[in-house]
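One structure is given here, and the rest of the page talks about it.
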Amino acid sequence: MSDTILELNNLHTHFFTDSGEIPAVDGVSFHVNKGEVVGVVGESGCGKSVTSLSVMQLVPSPPGRIVSGEINFKGENLAFASEKRMRQIRGNEIAMIFQEPMTSLDPLYSIGNQLVEAIRMHNKSSKKEARLKAIEMLDLVGIPRASEVVDEFPHQLSGGMRQRVMIAMAMACDPELLIADEPTTALDVTIQAQILDLMRDLNKEKDTGILLITHDLGVVAEMCDRVVVMYAGQVVEEGTVREILKDPKHPYTKGLIRSLPNLHEKEQKLYSIPGTVPKVTMNSVGCRFAPRCEYAFDRCFSENPALYETEDNRYARCFLYDNFEEQEVATHVGTDSRS
Ligand SMILES: Nc1ncnc2c1ncn2[C@@H]1O[C@H](COP(=O)(O)OP(=O)(O)OP(=O)(O)O)[C@@H](O)[C@H]1O
Ligand code: SF4
Ligand SMILES: [Mg+2]
Numbered sequence: 001m002s003d004t005i006l007e008l009n010n011l012h013t014h015f016f017t018d019s020g021e022i023p024a025v026d027g028v029s030f031h032v033n034k035g036e037v038v039g040v041v042g043e044s045g046c047g048k049s050v051t052s053l054s055v056m057q058l059v060p061s062p063p064g065r066i067v068s069g070e071i072n073f074k075g076e077n078l079a080f081a082s083e084k085r086m087r088q089i090r091g092n093e094i095a096m097i098f099q100e101p102m103t104s105l106d107p108l109y110s111i112g113n114q115l116v117e118a119i120r121m122h123n124k125s126s127k128k129e130a131r132l133k134a135i136e137m138l139d140l141v142g143i144p145r146a147s148e149v150v151d152e153f154p155h156q157l158s159g160g161m162r163q164r165v166m167i168a169m170a171m172a173c174d175p176e177l178l179i180a181d182e183p184t185t186a187l188d189v190t191i192q193a194q195i196l197d198l199m200r201d202l203n204k205e206k207d208t209g210i211l212l213i214t215h216d217l218g219v220v221a222e223m224c225d226r227v228v229v230m231y232a233g234q235v236v237e238e239g240t241v242r243e244i245l246k247d248p249k250h251p252y253t254k255g256l257i258r259s260l261p262n263l264h265e266k267e268q269k270l271y272s273i274p275g276t277v278p279k280v281t282m283n284s285v286g287c288r289f290a291p292r293c294e295y296a297f298d299r300c301f302s303e304n305p306a307l308y309e310t311e312d313n314r315y316a317r318c319f320l321y322d323n324f325e326e327q328e329v330a331t332h333v334g335t336d337s338r339s
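Take the UniProt record's numbering: the final residue in the sequence shown is number 339, and no numbers are missing along the way.
As structure tokens, this is what we get:
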């Protein structure tokens, strides 16, 4: 597909720990098209952050490492690209914002210094011009007293303000892809809505593709075109926002949606999926969701399900859809090579 900017193909990122090898990202495949907002959802520990860090080659190493697979960015496989190449990509063609912006802002430099540097990397301008542009951008992302804040340091700003600075930085880079990992989780609801609006503006005005990582399906419903549902290191379902929210196929996705408060107002008590995400090892056998799944049957505990076609262009990693074994979609995106 010519307008695909990012395509993950059977990506495996493992952690090599004292207690063994952990396949945190275990055969993940999905893509993001130009100008598209794709959400990656799943509970804590599902591998969302490790997936996004893999794209930027920022997985803490050791103990983590991309073991195999492809990360095609505009046709170039970044999975094993050199650090020199990645430095050109990061903050230029791909920008990333994290839950806690302090991890990406340098505490020793003023906001203005960091923004000016980003601006000057992208267009030839004098320091003075870049500073004016920096103030303009801070203003644009809703920072009050922008001409003063430009000389302040990250620790002098609130979390919401720091996140706005990160978005201003991302805008300065004019990236083709923005990866936002829980960008609003630490913020209160009003600020959260404002930050999401800013991201949407960036998407609409510059056609920036956005990979939005969140555990919040409410945010997905508001922001995304498509959703990738992850569970225990694997993609278990993928579809348009409408398909996933209206007609989820995988029992895990059904559970996530049932636990959304506003969609089920009649329920007195908010549903939550019983149990927790299991620790996956190289020897894990069976469907990873089986211990928590109300539909589980014998086969689920002894075999790892592939992605099965549920209907036209819909896939779920669940034996409930294995009606036509001979039509099993072994090569479809997201299929684990070992499944
Ligand atoms: N530094 C590390 N060392 C060992 N294992 C790790 C490390 N970081 C992550 N993992 C493993 O990777 C798995 C996925 O972690 P990840 O941070 O991607 O989860 P997540 O989906 O982003 O969760 P959250 O919603 O809490 O941010 C963890 O459950 C853990 O097993
Ligand atoms: S394969 Fe079995 S355990 Fe896994 S989600 Fe489907 S029904 Fe549930
Ligand atoms: Mg995370």
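Beta carbons: idealized from backbone N, C-alpha and C, even for Gly. Predicted model, so just to flag it, every value in this text is computed and none were measured.
Query raised in the report: If you drop the 5 nearest sequence neighbours on each side, which residues of the same chain put their C-beta closer than 6 Å to that of Gly45?
Result: Sequence-distant partners of Gly45 (beyond 5 residues in either direction) whose C-beta falls short of 6 Å from its own C-beta, in its chain, are Val277.
Query raised in the report: Buried or exposed: Leu212, going by 16 or more other Cβ atoms within 10 Å of its Cβ?
Result: Label assigned to Leu212: buried.
Query raised in the report: Among Glu36, Thr4, Val41, Val67, which residue has its Cα nearest to the Cα of Leu11?
Result: For Leu11, the closest of Glu36, Thr4, Val41, Val67 by C-alpha to C-alpha distance is Val67.
Query raised in the report: Do Leu245 and Thr208 have their C-beta atoms within less than 7 Å of each other?
Result: No. Outside cutoff.
Query raised in the report: Are Ala134 and Glu237 close, meaning C-beta to C-beta below 7 Å?
Result: In this structure, the beta-carbon distance from Ala134 to Glu237 does not fall below 7 Å.
Query raised in the report: For Arg317, which residues does DSSP report across the bridge?
Result: According to DSSP, which records beta bridges pairwise, Arg317 is partnered with nothing at all.
**Report entry** Reference Val38; option with closest CA among Val220, Val59, Gln234, Ala81
**Finding:** Comparing Cα positions, the closest option is Val220.
Query raised in the report: Does DSSP put Glu238 in a helix, a strand or coil?
Result: Three-state result, Glu238: strand.
Requested in this report: Compute the distance between the beta-carbons of Ala130 and Val116, then report whether it is under 7 Å.
Outcome: Here Ala130 is near Val116, since their CB atoms are less than 7 Å apart.
Report task. Starting from the C-beta of Lys78, find all residues in its chain whose C-beta is less than 6 Å away, skip the five residues before and the five after it, and write them out in chain order. Result -> Per the sequence shown, residue 78 should be read as Leu rather than Lys. Setting aside the 5 residues that flank it on each side, Leu78 is surrounded in the same chain by Ile71, each with a C-beta closer than 6 Å to its C-beta; the list follows chain order.
Requested in this report: Taking 8 Å as the threshold, find out whether the segment 193-201 comes into contact with the segment 228-236 through three or more Cβ pairs.
Outcome: No contact exists between the segment 193-201 and the segment 228-236.
**Report entry** Reference Pro62, options Asp26, Gly239, Glu21, Asn113, closest by Cα
**Finding:** Selected option, being the one with the closest Cα: Glu21.
**Report entry** Met230 - partner residues in DSSP beta bridges
**Finding:** BP columns for Met230 point to Val235.
**Report entry** Cβ neighbours of Gly275 in the same chain (closer than 7 Å, five flanking residues each side left out)
**Finding:** So the qualifying residues of the chain are Pro291, Arg292.
Report task. Would you check whether ligand 1 has a heavy atom nearer than 6 Å to the C-beta of Phe289? Result -> Not under cutoff, so the answer is no.
**Report entry** N-terminal and C-terminal residue of the beta strand (DSSP E) that His12 is part of
**Finding:** From DSSP, the beta strand (DSSP E) with His12 extends over 4-17.
Query raised in the report: By a C-beta neighbour count over all protein chains shown, 10 Å radius and 16 as the cutoff for buried, is Arg242 buried or exposed?
Result: Classification of Arg242: exposed, given that the 10 Å Cβ count is below 16.
Query - Gln114, DSSP secondary structure in three states - result: The answer is helix: DSSP assigns Gln114 an H, G or I state.
**Report entry** Rounded separation between residue 374 and Cys173 - CA only
**Finding:** The chain is shown from 1 up to 339; residue 374 falls before or after that span and cannot be answered.
**Report entry** Pick from Gly286, Lys249, Tyr308, Leu307 that is closest to Asp298, judged by C-alpha positions
**Finding:** Per the Cα distances, Gly286.
Query raised in the report: Between the C-alpha atoms of Gln192 and Met161, what's the straight-line distance to the nearest angstrom?
Result: Using only the alpha carbons, I get a separation of about 11 Å.
Requested in this report: Return the residue from the list Met169, Val235, Gln194, Glu7 that minimises the CA-CA distance to Gly42.
Outcome: Per the Cα distances, Val235.
Query - Rounded distance between the beta-carbons of Ile5 and Phe73, thought under 8 Å - result: With a Cβ gap of about 7 Å, Phe73 and Ile5 count as contacting.
**Report entry** Sequence-distant residues of its chain with Cβ nearer than 8 Å to Glu176 (five each side left out)
**Finding:** Counting only Cβ-Cβ distances below 8 Å, and skipping sequence neighbours, we find Ile5, Lys34, Lys74, Glu93, Ile94, Thr208, Gly209.
Requested in this report: Decide if Lys48 is buried, meaning its Cβ has at least 16 other Cβ atoms within 10 Å, or exposed.
Outcome: Buried, by the Cβ-count rule.
Query raised in the report: Sorted by chain position, which residues of the same chain lie with C-beta nearer than 7 Å to Gly159's C-beta, five sequence neighbours on each side aside?
Result: The beta carbon of Gly159 is closer than 7 Å to those of Ala186, Leu187 in its chain, skipping five residues each way along the sequence.
Query raised in the report: Taking buried to mean at least 16 other C-beta atoms within 10 Å of its own C-beta, is Leu307 buried or exposed?
Result: With 16 or more Cβ atoms within 10 Å of its Cβ, Leu307 is classed as buried.
Query raised in the report: So, Gly233 versus Val40, is the Cβ gap smaller than 7 Å?
Result: Going by C-beta atoms, Gly233 is not nearer than 7 Å to Val40.
**Report entry** Contact under 7 Å by Cβ, Ala168 with Leu138
**Finding:** In this structure, Leu138 lies closer than 7 Å to Ala168 by Cβ.
Query raised in the report: What does a CB cutoff of less than 7 Å around Ala330 pick up in its chain, not counting 5 residues either side in sequence?
Result: Its pLDDT being 41, under 50, Ala330 is placed unreliably by the model, and nothing is read from it.
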